[in-house]
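Chemist:
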Amino acid sequence: MHSELKRAVARYVENHGGLDAPSPTPVADVLVICSTQPRNPFRKLYKPSLCVVAQGAKRIALEGQTIDYAAGSALAVSLEVPGHGSITEASRAEPFLGLTIGFDVGLLREVLEQMANPPKPSGERLGAFVETLSEPVQNCIIRLLEIFETPEAVPVLYPAVTRELYYRLLSGPNGREICKIAHVDSHTQRIAEAIHMMRADISRPLKVEDMARAARMGVSSFHQHFRTLTSMSPLQYHKQLRLLEARRLMVAEAANVTNAAFRVGYESPSQFSRDYARMFGRAPKRDAMALKGLPVAV
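As structure tokens, this is what we get:
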């Protein structure tokens, strides 16, 4: 089955994209990726998703945590978390092939509620883990790629196959982890609500008390659960969100350094430049100039 998944991804890339460029699909939350060479770490915000590898290997580095995953497996991300993504195995003879499938939390919750024996959330751990792709899960992914070849069929067939994919994941060995994404009262969902509030206006000064209240937790409990799930403190997370958004503004909207700094809540452009260089390894202006026109889907 793994060879079938590899062929399906390669066929989609050949028909719709090309080497070393992301291939769009009719669904905004699904992106097919191909690379003929390893890719250096690129910092981004990972959203709740299934990051599938059909050929090659990838790595994600969080604060103090490194996760490697290869062909026949996927990275399951249960909440928004900043990290460094890189492609570690790829060549022109055997390019990296993969795709990212964003989780529809509402649909996942529907499937969970309809299961006769739904999984219960397990104990807490980091909100990103490796999922070995079972044959039924791979079969669902292959069918999704086949559906994309007929765009008019997507509104009818994509939701049905996605429901099956979610059912297979929830029924699998990591079902107790996957269900946390949709379980209304799980710590993962509570922290996700607090992160959503933080992202709604990242230019505002961070008040941990307000975030803890949004997560329906005490401040000390909130700190503990937040660090377990994201591997960083709320303040570290907030700073990384601000800097990632500033980078996006400079690359995608051509904002200058001072404008980007103020728009994400910095009062001092010089402090912004120091924090930015510390996080990305080069000054804001140089980094933005280097990134323009480069593929960033890792």
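Heads up: the sequence shown begins at 1 in the UniProt record's numbering, then just goes up one per residue. Don't be surprised by glycine CBs; every beta carbon is placed ideally from N, CA and C.
List the endpoints of the continuous beta strand (DSSP E) containing residue 41.
Modeler: Counting along the chain, the unbroken beta strand (DSSP E) around residue 41 starts and ends at 39-46.
Chemist: Residue 175 by DSSP, collapsed to three states: which one?
Modeler: helix
Chemist: From the DSSP output, read off the bridge partner residues of residue 84.
Modeler: 43, 61
Chemist: Suppose the cutoff is 6 Å on Cβ atoms and the five residues either side in sequence are ignored; what does the same chain contact list for residue 272 look like?
Modeler: 261, 266
Chemist: Which residue wins for smallest C-alpha separation from residue 106, given the options 180, 13, 125?
Modeler: 180
Chemist: Start and end of the alpha helix (DSSP H) containing residue 144?
Modeler: 135-148
Chemist: Count the C-beta pairs between the region 30-47 and the region 82-96 that are closer than 8 Å, then say yes if the count reaches three, no if not.
Modeler: yes
Chemist: Taking all protein chains shown into account, do 16 or more other C-beta atoms lie within 10 angstroms of the C-beta of residue 183, making it buried, or fewer, making it exposed?
Modeler: Buried, because 16 or more other Cβ atoms sit within 10 Å of the Cβ of residue 183.
Chemist: Go through the region 223-293 residue by residue and report every complete run of the alpha helix (DSSP H) that reaches 4 residues or more, in order.
Modeler: 234-252, 257-263, 269-280, 284-291
Chemist: Three-state secondary structure (DSSP) at residue 115?
Modeler: coil
Chemist: Would you list the residues sitting across from residue 24 in a DSSP beta bridge?
Modeler: Here residue 24 is bridged, per DSSP, to 31.
Chemist: Within the same chain, show all residues whose beta-carbon is closer than 6 Å to that of residue 43, passing over the 5 residues directly before and after it, in chain order.
Modeler: 84
Chemist: Assign residue 206 to one of three DSSP states: helix, strand, or coil.
Modeler: Coil, per DSSP.
Chemist: Just to confirm before moving on: does the CB-CB distance between residue 130 and residue 172 stay below 9 Å?
Modeler: no
Chemist: Please say whether residue 168 and residue 134 have beta carbons closer to each other than 9 Å?
Modeler: yes
Chemist: For residue 89, write down the residues that DSSP places opposite it in a beta bridge.
Modeler: 57
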